[in-house]
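Report on one structure; see the data block that follows.
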């Protein structure tokens with residue numbers, strides 16, 4: 003029984019069908035959850051191989067700025083094109099940087115990815131053409147040349163996001179069943195044995211890194227067109243920290259988990275921030291601490307299905 | 023020529039500040055193998071404690087000259103309240119976990135401490151300019167520099183020299199180096215490793231708090247103060263080599279000079295260049311410029 007594709011299809015149908023009845027703010031939260039979930043899905047691939055990237059915001063931000071640049075310099079505002087551009091730019095950057103990063107493990111992988119994301123941050127804050135610290139606004143989203151009326155923009159973006167996210171989750175789910183995908187836990191457990199088996203750990207990590215970056219880039223472009231504004235803080239290390247939180251919250255057991263975790267994070271963020279703006283980070287910190295100690299498999303790790 | 027001199031003076035001052043901020047981080051990593059994100063929290067705690075206690079001191083009309091001592095006491099108090107509790111209450115149960123997992127745990131603690139600071143001190147900025155203004159200024163090549171900055175340089179030399187002396191010249195320092203080399207064998211030889219960890223974490227955090235409290239007079243103390251210092255001190259420590267004391271000094275000097283060069287000649291790249299150096303060092307010598315030989319273990 004393949005339950006994951008069925009569950010994904012069900013989620014897609016529910017989101018598309020329920021969308022028109024959702025209030026605008028709820029659609030916003032769901033769409034942002036899809037964007038963050040895409041990034042966390044990529045992080046999950048790396049986590050499965052025992053790698054924690056403290057710089058995934060690099061690709062999130064690259065994707066967002068690629069989408070923004072399309073609108074700013076070419077006047078393109080199509081959601082799908084924006085996501086394609088975001089994913090492509092991020093994947094290309096990760097392909098190049100991957101030759102370097104695939105050699106690193108543990109703390110050094112984290113620190114190097116952190117340094118790289120801070121480089122992008124440092125470049126963007128001083129770049130006048132891209133609005134320096136203020137960033138710039140994104141054009142209102144269009145879809146396949148159609149300009150949805152103001153009431154329907156949110157729904158159009160959310161529906162596209164749902165299709166893309168479900169598609170990405172299906173691809174990753176499929177990837178996890180290929181020999182290359184199954185190598186991840188082996189790399190985490192014992193890399194030397196992986197090499198003895200004739201597989202290349204470095205190659206496997208490189209592939210995962212590029213996939214993760216492409217997902218983050220798509221997520222960044224999606225977040226950009228949803229929020230309508232981008233700024234260099236998208237590349238700051240605290241943004242990477244958020245993604246790590248979501249990825250750990252979801253765990254590595256299932257491709258739906260990152261999205262569920264992202265939605266939960268969005269809800270916690272919104273409600274806790276409203277209730278008590280000065281203690282919401284504390285609740286996140288406590289939750290993260292409890293998760294690491296008591297639920298290292300993530301919230302959804304208990305569901306045994308892949 | 024004058025500008026070059028200004029670059030050097032600025033660079034030295036910034037290096038000294040960075041060194042104080044990063045020293046504790048490298049010490050804690052060297053001994054405990056923890057990449058400690060709470061370092062930034064202790065920096066912020068020190069800054070808040072320093073600003074509020076000194077503000078109180080000055081408001082009471084006590085002698086302003088003693089405010090330098092008050093800054094020190096404030097950092098010590100802030101550290102003693104939080105650091106031992108964190109090490110004994112949480113971290114010591116985590117040492118068996120992977121380095122990356124411990125990094126995430128300190129990240130969680132950092133998130134908690136960020137809000138603890140807001141709960142204690144609120145979100146309004148604190149200013150104390152008196153200790154900064156009191157010492158007047160000195161001139162180098164026609165540029166005026168606050169003399170307070172010399173105090174930072176002196177502190178950096180005292181802390182760095184003191185720690186080096188402790189590690190090489192005292193019995194406890196030698197024991198600590200044994201713990202660094204091999205905690206298990208040290209334990210078997212009767213060294214109380216747990217106590218060394220407690221003292222190291224507290225002392226390393228104290229260094230961060232001192233960096234914060236002595237920076238407080240030069241800035242406005244606002245929420246989020248610790249966020250930037252974390253990546254900055256990571257950069258310094260990684261460039262020099264995680265866990266190496268001379269490495270931290272070298273890293274601080276490199277980052278300090280590089281930043282001051284870029285501020286004077288090419289301000290667009292100020293932030294970029296720091297992390298570019300960090301990435302280059304990680305790419306070419308991942309264990310840092312001053313990397314210590316990894317002792318081989320069976």
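Protein chains in written order, with the working numbering: chain A, 3 to 308; chain B, 23 to 320.
Note that the Cβ used here is the ideal one computed from N, Cα and C, for glycine as well.
Contacting residues, own chain, Cβ-Cβ under 8 Å from residue i (five flanking each side not counted)
i                     : result
residue 134 (chain A) : 126, 127, 128, 234
residue 222 (chain B) : 49, 50, 53, 54, 198
Which of helix, strand or coil DSSP assigns to residue i
i                     : result
residue 144 (chain A) : strand
residue 78 (chain A)  : coil
residue 25 (chain A)  : coil
residue 120 (chain A) : helix
residue 162 (chain B) : strand
residue 109 (chain A) : helix
residue 112 (chain B) : coil
residue 243 (chain B) : strand
residue 192 (chain A) : coil
residue 35 (chain B)  : helix
residue 17 (chain A)  : helix
residue 7 (chain A)   : helix
residue 319 (chain B) : Only weak support is given to the placement of residue 319 (chain B): the predicted model assigns it a pLDDT of 47, under 50, and the value that follows is read from those uncertain coordinates. The answer is coil: DSSP assigns residue 319 (chain B) none of H, G, I, E or B.
residue 307 (chain A) : Note that residue 307 (chain A) has pLDDT 45, beneath the 50 cutoff, so the model's placement of it is unreliable and no number is given.
residue 84 (chain B)  : coil
residue 139 (chain A) : strand
residue 65 (chain B)  : helix
residue 148 (chain B) : strand
residue 167 (chain B) : strand
residue 56 (chain B)  : coil
residue 232 (chain A) : strand
CB-CB length for residue i against residue j, believed under 8 Å
i                     : j                     : result
residue 110 (chain B) : residue 220 (chain B) : 6 Å
residue 96 (chain B)  : residue 239 (chain B) : Incorrect: roughly 12 Å between the Cβ atoms, too far for contact.
residue 1 (chain A)   : residue 95 (chain A)  : Past the edges of chain A, shown from 3 to 308, lies residue 1 (chain A), and the structure says nothing about it.
residue 40 (chain A)  : residue 217 (chain A) : 5 Å
residue 60 (chain B)  : residue 132 (chain B) : 5 Å
residue 168 (chain A) : residue 143 (chain A) : 19 Å between Cβ atoms; not a contact.
residue 92 (chain A)  : residue 215 (chain A) : 5 Å
residue 274 (chain B) : residue 299 (chain B) : The Cβ separation is near 12 Å, so there is no contact.
residue 212 (chain A) : residue 6 (chain A)   : Between residue 6 (chain A) and residue 212 (chain A) the Cβ distance is about 23 Å, and since that is not below 8 Å, they are no contact.
Under 9 Å between C-beta atoms of residue i and residue j
i                     : j                     : result
residue 113 (chain A) : residue 260 (chain B) : yes
residue 112 (chain B) : residue 227 (chain B) : no
residue 51 (chain A)  : residue 210 (chain A) : yes
residue 135 (chain B) : residue 181 (chain B) : no
residue 73 (chain B)  : residue 243 (chain B) : yes
residue 47 (chain B)  : residue 256 (chain B) : yes
residue 307 (chain B) : residue 33 (chain B)  : no
residue 117 (chain A) : residue 232 (chain A) : no
residue 77 (chain B)  : residue 148 (chain B) : yes
residue 185 (chain B) : residue 267 (chain B) : yes
residue 123 (chain A) : residue 102 (chain B) : no
Contact set for residue i: own chain, Cβ-Cβ below 6 Å, skip 5 residues either direction
i                     : result
residue 35 (chain A)  : 264, 265, 268
residue 274 (chain A) : 282, 285
residue 39 (chain B)  : 174
residue 196 (chain A) : 188, 189, 203
residue 196 (chain B) : none
residue 296 (chain A) : none
residue 55 (chain A)  : 48, 115
Of the residues the options, the one placed nearest residue i, counting alpha carbons only
i                     : options                    : result
residue 42 (chain B)  : B:174, B:105, B:139, B:102 : B:174
residue 310 (chain B) : B:298, B:270, B:34, B:70   : B:270
residue 288 (chain A) : B:129, B:285, B:188        : B:129
residue 1 (chain A)   : A:57, A:251, A:194, A:87   : This structure gives no information on residue 1 (chain A), because the portion of chain A shown stretches from 3 to 308.
residue 48 (chain A)  : A:279, A:262, A:246        : A:246
residue 235 (chain B) : B:70, B:45, B:34           : B:70
residue 157 (chain B) : B:115, B:171, B:230, B:306 : B:171
residue 177 (chain B) : B:118, B:35, B:26          : B:35
residue 229 (chain A) : A:155, A:121, A:101, A:83  : A:155
residue 199 (chain A) : A:213, A:181, A:212        : A:181
residue 219 (chain A) : A:69, A:31, A:53           : A:69
residue 144 (chain B) : A:301, A:291, A:293, A:279 : A:279
residue 252 (chain B) : B:58, B:183, B:27, B:164   : B:58
residue 213 (chain B) : B:230, B:193, B:229        : B:193
7 Å Cβ shell around residue i - same chain, five flanking residues per side excluded
i                     : result
residue 160 (chain B) : 167, 169
residue 42 (chain A)  : 245, 248, 249, 252, 260, 263, 264
residue 25 (chain B)  : 286
residue 183 (chain A) : 177
residue 157 (chain A) : 21, 22, 29
residue 215 (chain B) : 201, 205, 208, 209
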